[in-house]
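Q:
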Amino acid sequence: MPSMSAALSALRAAGRQHLSVSKFVPKFVERQATGSHVFQIDKYAQARRMMPNGEKIRSDEFRVGGHDWRLECYPNGLTGNRGFVSLYLTHASHAKTGDATARLQFSILDQSCWEPSCTKFSDDYYRFSDTHGPHLSWGFGNFIEHEDLDKEKHLKDDRLMIMCDVTVAGLRADDDHAVAEVEPASPPFDLHGPAGQAIWNTEKPDVEIEAGGETFPVHRRVLEAGSPVFKADLSLAPAAAGDGAAALRIDDMDADVCKALLRFIYDEVPSTDLLETAGMAERLLVAADRYKVEKLKHICEKALLPSVCLSSVADTLALAERHHCPELRDACMRFLSSCDNIVALAETDGFEKMKKDCPSALLELLVK
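Going left to right, the sequence shown walks through residues 1 to 368 as UniProt numbering numbers them.
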C-alpha cells in the first residue's frame, strides 16, 4: 500500500495541483479478554435425584471482558436431552453491557490429577444478543452422558467440578463496557488444583486476614462458602471504604497455621509436609475445629493416630476430648487399655495430666 507522500506525488502528476490532506487515527484497538471459571456442585447425586429433566443449577456470576457471565448446569439434561448433562454459558449482564461476542470451552475437572477432561468447545465466536429474539445462552445439550462420568475422577466425594474458559472478542480501548480486567494476583499460599487458581486469575481479593504478624489477601465468597465461622465473622467486620478490602484479625493463631487453613479452604488439599509433624497437625486441628472446617479436622485427626505413644497419649487424649475427635480418642483409649501402658503412664507426669484434664476417661479405664 503506497505511503501518503507517494499518493500525493501521483495525484499531482495527474494534474491535481491544489491538494490538502487530513488523516484519522482510531483511538481504539481491537482486543480480546480471556477468563476461566470453575463451578463446583456438591452432593451431585442428590441433585440428580431431586431435579427433573429441564431444571438447572446456576453458578455465581463472574466477569470476563467487561461482561458478567453465569454457568448453567442441567444434571438431568435440558428438555430433549435425557441421559445427558447439559452445560450452557449465559450472558448475565446484557441489560447493562449490551451485546457480546465470545467463544467458550467447557471441561470436567479430573479430580485425580486436576486436569481438564471431557472437553468441548465452540467452533467459532457466538453473538450473545437479543436483537432477533433472545439468544443470551450458548452451550451443549448433550455435553456428556451420565454413564461416562467416572466416580473416582469426575465425581470424587460426590462433587462435580465444571470449568469454563471464555474468550470475549471485539473489545475496544474506548468502549465503556471494556472495563479493565482483573490482573491475576498471586495467592499467598501454594495451590494444587485449578479451581482455586481460577478464582485468583479472575477475581480481586476483597478481604485481608491478619494472623501471626502476616497479612493474607483472600476472597470473601470463598471464606464464606468454606467456613460458617468465617461467614459470621465477616458479617460483623467493618465495611471497607470504596474498593478497599475488609479486614479480619486473628490474634491467637500462628501465620503458618492460618496459611494452611486458608489454602485448604481454597482447594481442599492439605499440605502433607505440614501434617508430618504432630505439633503442626495438632495446631491445624484446633484451627479447623474453631472455624468448622470439618474435612480438614478429620484429616488432621487421622494424621495424629500414628503418633499416639506413652509420651504423647495424655496430651493427645485431652486434645481429642476438647475438640470432639472420637477416632483419636478411641486410639488413645486402646493404647491405655494395655496394663503395661497404664502402669508406665502412672510413673510419668502424664498420669497427673489425665487426672486433671480427662477424669472421665481415666475412670473409664480404671473401671475396666
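Where a beta carbon is used, it is the ideal one built from N, C-alpha and C, also for glycine.
Given a cut-off of 7 Å on the beta-carbon distance, is the pair Val-293 and Leu-262 in contact?
A: No, the pair does not count as a contact, with Cβ atoms beyond the cut-off.
Q: CB-CB under 8 Å to Pro-326, same chain, minus the five flanking residues each way: which ones, in chain order?
A: Ala-320, listed in sequence order.
Q: Can you name the residues that DSSP bridges to Leu-262?
A: Per DSSP, none; premise fails for Leu-262.
Q: List the whole-angstrom C-beta distance separating Phe-128 from Ala-100, where the pair is believed to meet the contact cut-off of C-beta under 8 Å.
A: With 8 Å as the limit, Phe-128 and Ala-100 qualify as a contact, their Cβ atoms being about 5 Å apart.
Q: Taking the Cβ atom as the reference point for each residue, do Leu-87 and Phe-106 lie within a distance shorter than 7 Å?
A: Cβ distance < 7 Å, so Leu-87 and Phe-106 count as in contact.
Q: Within 10 angstroms of its Cβ, does Val-343 collect 16 or more other Cβ (buried), or is it exposed?
A: It is exposed - the Cβ of Val-343 has fewer than 16 other Cβ atoms within 10 Å.
Q: Keeping to the same chain, check which residues put their C-beta closer than 6 Å to that of residue 389; ignore five residues upstream and five downstream.
A: No statement about residue 389 is possible, as the shown extent of the chain runs from 1 to 368 and does not include it.
Q: Suppose the cutoff is 6 Å on Cβ atoms and the five residues either side in sequence are ignored; what does the same chain contact list for Leu-365 look like?
A: Counting only Cβ-Cβ distances below 6 Å, and skipping sequence neighbours, we find Leu-336.
Q: What separation, rounded to the nearest whole angstrom, lies between the Cα atoms of Cys-258 and Thr-34?
A: Spanning the two alpha carbons is a distance of roughly 32 Å.
Q: Got a sec, what are the start and stop residues for the alpha helix (DSSP H) Gly-80 sits in?
A: Note, Gly-80: premise wrong, no alpha helix (DSSP H); not H, not E.
Q: Taking the alpha-carbon positions, what's the Met-50 to Leu-71 distance?
A: Met-50 and Leu-71: Cα-Cα distance of roughly 20 Å.
Q: Please say whether Leu-328 and Leu-304 have beta carbons closer to each other than 7 Å?
A: Going by C-beta atoms, Leu-304 is nearer than 7 Å to Leu-328.
Q: Quick check on Pro-26: does DSSP put it in helix, strand or coil?
A: Confidence in Pro-26 is poor, its pLDDT being 49 and thus under 50, which makes the residue's placement unreliable; the coordinate value appears in the next sentence. Looking at Pro-26 - three-state DSSP - the assignment turns out to be coil, as it is neither helix nor strand.
Q: State the DSSP-derived secondary structure class of Ser-112, mapped to helix, strand or coil.
A: Correct three-state label for Ser-112: coil.
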